[in-house]
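To start, the structure under review is shown below, and the notes come after it.
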Amino acid sequence: LRWPKDASPREAEQLARYCCPHCGVELDDTHKPRMLAEFRFKPYERRPDGEYIPSSRELDHHHRSFWISGFFSPWLTFGDLARELCGAYRSGDVGKVQSTINTQFGELWRTRGERPELEDVLTHRQDYERGYSRPHGVQFVTLGVDVQQDRLYWVARGWGCEQAPMESWLLDYGELHGSTDYDEVYQALERLIRDVHLGVLTAWIDSGYKPGITFSRPDHAIYSFCRRSGGRAFPTKGYQTRPVPVQGKLQDVTIGGRTIRDGVRLYLLDTTFFKSWLYSRIRSDLEELPDCWHLPRDITEDYGRQVVAEEVVQKASGQLHFHCPRSRQNHYLDAEVCATAAAYAHLQQHRIEPLGAPQEPQRALPEPAGAQLGRRGSQGFQRRGLV
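Counting from 1, position 374 in the sequence shown corresponds to residue 413 in this note's numbering; the numbering is continuous, with no gaps.
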């Protein structure tokens, strides 16, 4: 429903048009009788990523449910709806806007939340590059992985405590392409975890996307991979709220048709806790506080936009809720949550100390003349009787 910008409610009533979201054609109330006479209900299916797409498959349910738009009413014109909504917007009363959206249009209302901007992310760039560079201060590295249908998104983040606890440096990130129903993409992930140059201590993998599809493979692909990793990779499952930020539990795993009781350790994450922590680091005032969340100078805008894709909405109860609009991707944010949770859990059990300022390499002292005479090949015997 469109009307001219800055129009009054009365002008919106006179000039409003209903625009087709597919072809963009503008319709007025003269078209409405034909629209109501010839409309058809079309079934939709929800994809795993939350998007609704038209479906042609036969529904096997005993009951049908229909969601009727306010535009369907034969007693309300497009102008009537535009006048009501324009007036609600101009009033500045969020409650009135919500009431109009709910009752007049028959649509859901969602409060638009806050989130950091891309510029907030870019201010954290430092003078190092992605890849195998290891900035001073990094003491261990965690890998976070987000699983999608056709690829794995991953981030490798180094951790230290030079300026503050849990100071971190993004070392590298990327995508491993391949169907996550099959083993090839997990073999690539295993090579990444075992890369000695990257030096990953532990990898935490979001297992929520693939709970197990029996017609594709009988086992849970991520559980099976973590079971084979020898204690270097662990599955995770995120929740809006948890009693503690990280909690581990033993999980049964099916491999080759055989169920192994307590075969893998699953970590349950309070994603609101870790996303709030990340957003606070991204938004930190770098003029007042030291930068403790570092990025390489060559990060892409795609990474930056994904890390701040979700909006923070405060419910009536005061509880925070993170919501990702369908038009945005948040895979690197989810991967960062896994990497951060892995570091958090490690630091609960292992204490680290600041490394201090980098030291200049010491020059080797020249050996005394004749010292070489006391050596015998490569046996490493001590020199004796030489002055």
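Glycine included, every Cβ here is placed at the ideal spot set by N, Cα and C.
query, result
"So for F361, helix, strand or coil by DSSP?", "strand"
"Name the DSSP bridge partner or partners of Q353?", "L359"
"What's the C-alpha gap between P250 and I261?", "With a pLDDT of 45 at P250, under the threshold of 50, the predicted position of this residue should be treated as unreliable, though the coordinate-derived value follows. Each residue's Cα considered, the two are about 9 Å apart."
"So, are the CB atoms of R322 and P155 less than 8 Å apart?", "yes"
"In or out: Y171 buried (at least 16 other Cβ within 10 Å) or exposed?", "exposed"
"Is DSSP giving L66 helix, strand or coil here?", "strand"
"What separation, rounded to the nearest whole angstrom, lies between the Cα atoms of H216 and L394?", "37 Å"
"Could you check whether P93 and Y83 sit closer than 8 Å to each other, using their CB atoms as the reference points?", "yes"
"So what's C58 in DSSP terms, helix, strand or just coil?", "strand"
"By DSSP, does E168 sit in helix, in strand, or in coil?", "coil"
"With a threshold of 8 Å between beta-carbons, can H102 be considered close to chain B, or not?", "Here chain B cannot be found, since the structure has a single protein chain."
"In chain order, what residues of the same chain have a beta carbon less than 6 Å from the beta carbon of Q178, not counting five sequence neighbours either side?", "G199 and I391"
"I'd like to know whether the C-beta atoms of I381 and W193 end up nearer to each other than 8 Å.", "The residue asked about is misnamed: residue 381 is Ala in this sequence, not Ile. In this structure, W193 does not lie closer than 8 Å to A381 by Cβ."
"Per DSSP, which residues does W193 bridge with? Please list them.", "V184 and G213"
"Using three-state DSSP, classify S207 as helix, strand or coil.", "strand"
"So what's Q53 in DSSP terms, helix, strand or just coil?", "helix"
"So for P72, helix, strand or coil by DSSP?", "helix"
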